[in-house]
Amino acid sequence: MSIIVNLDVMMAKRKISLNELAERVGITVANLSILKTGKAKAVRFSTLESICRVLDCQPGDILEFDRTESEKDH
Amino acid sequence: MKLLGKSSMASFLKVVLDIVWYISIAVIALEIIFYVYAISNPGAEFEEAYIQVPCKIKALDIDFIDFLTGKLDPSTYRDKYLESHDPSNYMFNVRNTTTELRFRTHSSINLFIYLLVRLLWYTVYMFILFNLRKIFGTLRRKTPFIHENAGRMRMIGAAICVTQPILWLLLWVLDLLVIRDKFSLFGEPVSVAIRSENFIPIIFLGLVVLVISEVFRIGVQMREEQELTV
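In order, the protein sequences belong to chains A and B. Sequential numbering of the first sequence, starting at 1, is according to this note's numbering. Sequential numbering of the second sequence, starting at 75, is according to this note's numbering.
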């Protein structure tokens, strides 16, 4: 997957735990864990919006595009 | 009416399939044992070791109108006009005279070819039944969209499509070696009826199942994507 999720980096910067973030965003810990470990296939805009609001960041701070991985996949 | 899950129609059908599965195992095992015994004892006469095949009898085409209008009673020509050219090896009677020839034979090779035809049929039948049981098991658990089900449906479709031509070939061999030139009715030869109208709808059904298996595979992908959407 060429989209890298840097949620753990942002969580560390904001010093927030997975449980607390899940509770404040309003999704389950299991789903947030799927996103954090890069297993997710899609993210709803509403979820992304909530995460950005809670962590006070931009979508680009959480998601990153890796061109080399993309070229490997195609 | 509840169609999926516990205490549903799917659950009921799963139980029916399970019962049919175990009864089929018993019946097929007994039949194979019996035929193998009959083949290995060619001299012995077994009332139940018979060959029963759909047959094409040309003479019946001529008198078909008489047959339909009741002027020609099947029972009158059953034993009167049907002749075996080799009475020492073929003892016969005709069931449902227009379509099925049923006869006993002392020849082990004849019985062996017949057993091969039946074995192929039973193998496909049991394979489909086995996979249907598995599929209905997942319907009872309300988890139909899994890779295994897509694979099972694909295998059922392929089995139907592949085995029909093989069955056709075996019936042709059975006709060539066992039936043709062995019987006649009204002086006309009797042969196995290998009708395309019997095989084509079944192959068509197999192709439909193949296409549905692909739909299932897409369903599995959609479920996985939906589950991994945060």
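Yeah, the Cβ is synthetic: ideal placement off N, Cα and C, and Gly gets one too. Keep in mind that this is a model prediction, so the values were computed, not measured.
Item, Value
"Buried or exposed by the 16-neighbour rule on C-beta atoms within 10 Å, applied to B/Arg315", "Any question about residue 315 of chain B goes unanswered here, given that chain B covers just 75 to 304."
"Test: A/Ala42 CB closer than 8 Å to a CB of chain B", "yes"
"Any C-beta of chain A under 8 Å from that of B/Thr217", "no"
"Identity of the residues DSSP links to A/Val5 by a beta bridge", "A/Leu63"
"Residue span of the alpha helix (DSSP H) that contains B/Met83, given as start and end", "Met83 to Ser114"
"Residue range of the unbroken alpha helix (DSSP H) whose run includes A/Lys36", "Val29 to Lys36"
"Spatial neighbours of B/Leu244 in its chain, beta-carbon cut-off 7 Å, leaving aside the 5 residues before and after", "Leu190, Val191 and Leu194"
"Residue ranges of each beta strand (DSSP E) within the stretch 197-265 of chain B, 3 or longer", "257-259"
"A/Ser46: first and last residue of the uninterrupted alpha helix (DSSP H) it sits in", "Phe45 to Leu55"
"Given B/Thr179 as reference, the closest of B/Leu281, B/Asn115 and B/Leu104 once Cα atoms are compared", "B/Asn115"
"Reference B/Ser287; option with closest CA among B/Arg226, B/Ile107 and B/Phe278", "B/Arg226"
"Burial state of B/Asp255 (16 or more Cβ within 10 Å)", "exposed"
"DSSP state of A/Ala42 mapped onto helix, strand, coil", "strand"
"At least 3 beta-carbon pairs within less than 8 Å: the stretch 29-39 of chain A vs the stretch 274-292 of chain B", "no"
"Burial state of B/Phe210 (16 or more Cβ within 10 Å)", "buried"
"Between the CA atoms of B/Ile277 and B/Val247 - distance to the nearest angstrom", "20 Å"
"Close beta carbons around B/Thr212, own chain, < 8 Å, minus the five adjacent residues each side", "Pro218, Ile220, Glu222 and Asn223"
"Cβ-based neighbour list, A/Glu69, same chain, cut-off 6 Å, excluding 5 preceding and 5 following", "Ser2"
"Bounding residues of the alpha helix (DSSP H) (the contiguous stretch that carries A/Leu21)", "Leu18 to Val25"
"Beta bridge counterpart(s) of B/Thr303 as assigned by DSSP", "A/Ala42"
"Chain-ordered chain A contacts of B/Val304 [CB-CB under 8 Å]", "Ile27, Asn31, Leu32, Ile34, Leu35, Ala40, Ala42, Val43, Arg44 and Thr47"
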